[in-house]
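Structure first, commentary second.
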Amino acid sequence: DAGITQSPRYKITETGRQVTLMCHQTWSHSYMFWYRQDLGHGLRLIYYSAAADITDKGEVSDGYVVSRSKTENFPLTLESATRSQTSVYFCASSENSGAPYEQYFGPGTRLTVT
Amino acid sequence: DQQVKQNSPSLSVQEGRISILNCDYTNSMFDYFLWYKKYPAEGPTFLISISSIKDKNEDGRFTVFLNKSAKHLSLHIVPSQPGDSAVYFCAATTGNQFYFGTGTSLTVIP
């Protein structure tokens, strides 16, 4: 099906483990984004990518790594998970960087770090 | 420090009446503002946006107003419908960096 998908939808991991969250979009959108949603903070940008092999940091990038070898995929890796990274993670894409800046969001991944 | 603020965590409105959701921001460099709607267990969906050079944008039942001098924007929903019950996020951007508010949970009472 066309759209933007995230996997897994739910993940429980232990402190110190590496975990990768997957994001896949079928629109060939240039831009892709990762956000985390926490109570009291709304959504905060972790990383974004303007194209394959081009990534840049967002507001809360510490502890996260991204890659984008293919336009359609934008995985997010927590190299050594911490409890503070327990959150709901959303991936999004947009066709370009201009107005109206509409982003299409995936359904989210709920990550719990124990 | 939160650059985009939604100071009302929740709002209840009767069906058919107007819903007004408010948002304040601190960064005068923001050049575009957006509103997203989010249902539980789903990702946000785009509603409407406005450029910083405009003061109003309308799309059907949804109108966004921007007051740059007050660094304030609002979303008006008229008439409100039960299906509008959701969490609404305002967001602002300088280009590639996006900043979201904490959201306002709207309940439309039938």
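The listed protein sequences correspond, in order, to chains A and B. Counting with the numbering used here, you get residues 63 to 176 for the letters of the first sequence. Counting with the numbering used here, you get residues -18 to 91 for the letters of the second sequence. From the three backbone atoms N, C-alpha and C, an ideal C-beta is built for every residue, glycine too.
Contact test: Lys119 of chain A Cβ vs the ligand FAD heavy atom, cutoff 7 angstroms: As far as ligands go, the structure on display features none, and thus does not contain the ligand FAD.
Beta-carbon contacts of Ser30 of chain B that lie in its chain and below 8 angstroms, excluding the five residues immediately before and after: In the second sequence, counting from the first residue as 1, residue 30 of chain B sits at position 49. Excluding sequence neighbours, Ser30 of chain B sits near Tyr13, Phe14, Leu15, Trp16, Asn38 and Val45.
Option in B:Ser66, B:Gly84 and B:Gly76 with minimal Cα separation from Val(-6) of chain B: Indexing the second sequence from 1 puts residue -6 of chain B at position 13. Considering only alpha carbons, the answer is B:Ser66.
Within-8 angstroms CB hit, Thr44 of chain B to chain A: Within the second sequence, numbered from 1, the residue matching residue 44 of chain B stands at position 63. Answer no: the Cβ-Cβ gap between Thr44 of chain B and chain A never drops below 8 angstroms.
Own chain, CB closer than 6 angstroms to Ala113 of chain A, minus 5 neighbours either side, in chain order: Walking along the first sequence from the start, residue 113 of chain A turns up at place 51. Here the set comprises Ser92.
Burial state of Ser0 of chain B (16 or more Cβ within 10 Å): Start at 1 with the first residue of the second sequence, and residue 0 of chain B comes out as number 19. Within a 10 Å sphere around the beta-carbon of Ser0 of chain B sit 16 or more other beta-carbons, which makes this residue buried.
Cut-off 7 angstroms between Cβ atoms - residues of its own chain near Thr148 of chain A, not counting five sequence neighbours on either side: Residue 148 of chain A sits at position 86 when you count from the first residue of the first sequence. A distance below 7 angstroms between beta-carbons, with the five flanking residues on each side excluded, links Thr148 of chain A to the following residues of its chain, in chain order: Leu173, Thr174 and Val175.
Ser146 of chain A, DSSP secondary structure in three states: The residue you call residue 146 of chain A lines up with position 84 of the first sequence. DSSP places Ser146 of chain A in helix when its eight states are reduced to three.
Terminal residues of the beta strand (DSSP E) in which Leu101 of chain A lies: Translated into positions along the first sequence, residue 101 of chain A becomes position 39. First-last for Leu101 of chain A: undefined, no H or E at that position.
Gln62 of chain B, enclosing beta strand (DSSP E) - first and last residue: Here residue 62 of chain B refers to the residue found at position 81 of the second sequence. Looking at the DSSP string, Gln62 of chain B is not in any beta strand (DSSP E), and its letter there is neither H nor E.
Integer Cβ distance of Asn77 of chain B from Asp118 of chain A, believed to fall under 8 angstroms: Looking up residue 77 of chain B in the second sequence gives position 96. Looking up residue 118 of chain A in the first sequence gives position 56. Contact holds; Cβ gap of about 7 angstroms.
Residue burial classification, Val89 of chain B (beta-carbon count within 10 angstroms, cutoff 16): Walking along the second sequence from the start, residue 89 of chain B turns up at place 108. Flag for Val89 of chain B reads buried.
Where Asp40 of chain B falls: helix, strand or coil (DSSP): Here the question's residue 40 of chain B lines up with position 59 in the second sequence. In this structure, Asp40 of chain B counts as strand in the three-state DSSP scheme.
Minimum Cβ-Cβ distance from Thr83 of chain B to chain A less than 8 angstroms: Position 102 of the second sequence holds residue 83 of chain B. Interface residue, yes.
Between the CA atoms of Gln87 of chain A and Asn135 of chain A - distance to the nearest angstrom: Stepping through the first sequence from its first residue, residue 135 of chain A is reached at position 73. Stepping through the first sequence from its first residue, residue 87 of chain A is reached at position 25. Going from the Cα of Asn135 of chain A to the Cα of Gln87 of chain A covers about 7 angstroms.
Identified DSSP bridge partners for Lys(-14) of chain B: Locating residue -14 of chain B in the second sequence gives position 5, where the first residue counts as 1. Its beta-bridge partners are B:Asp5.
Below-8 angstroms beta-carbon distance, Gln165 of chain A vs any chain B residue: By one-based count along the first sequence, residue 165 of chain A stands at place 103. True, the Cβ-Cβ gap to chain B drops below 8 angstroms.
CB contact check: Thr(-12) of chain B to chain A, cutoff 8 angstroms: Position 7 of the second sequence, counted from the start, is the residue given in the question as residue -12 of chain B. The question names Thr, but residue -12 of chain B is Asn in the sequence shown. Cβ-Cβ to chain A under 8 angstroms: no for Asn(-12) of chain B.
DSSP-derived helix/strand/coil call for Ile34 of chain B: In the second sequence, the residue the question calls residue 34 of chain B occupies position 53. The answer is coil: DSSP assigns Ile34 of chain B none of H, G, I, E or B.
Contacts that Leu15 of chain B makes with chain A (C-beta to C-beta distance below 9 angstroms): The residue you call residue 15 of chain B lines up with position 34 of the second sequence. Those are Pro162, Tyr163, Glu164 and Gln165, listed as they occur along chain A.
Closest Cα partner of Leu47 of chain B within the set B:Ile58, B:Val59 and B:Ser33: Position 66 of the second sequence, counting from 1, holds the residue named residue 47 of chain B. Comparing alpha-carbon positions, the option among B:Ile58, B:Val59 and B:Ser33 lying closest to Leu47 of chain B turns out to be B:Ser33.
Unbroken beta strand (DSSP E) run spanning Thr176 of chain A, endpoints: Sequence index remark: in the first sequence, residue 176 of chain A carries index 114 (1-based). Segment: none, Thr176 of chain A is in no beta strand (DSSP E) and carries neither H nor E.
Contact set between Thr74 of chain B and chain A, taken where Cβ atoms lie within less than 7 angstroms: Position 93 of the second sequence holds residue 74 of chain B. Result: Tyr163.
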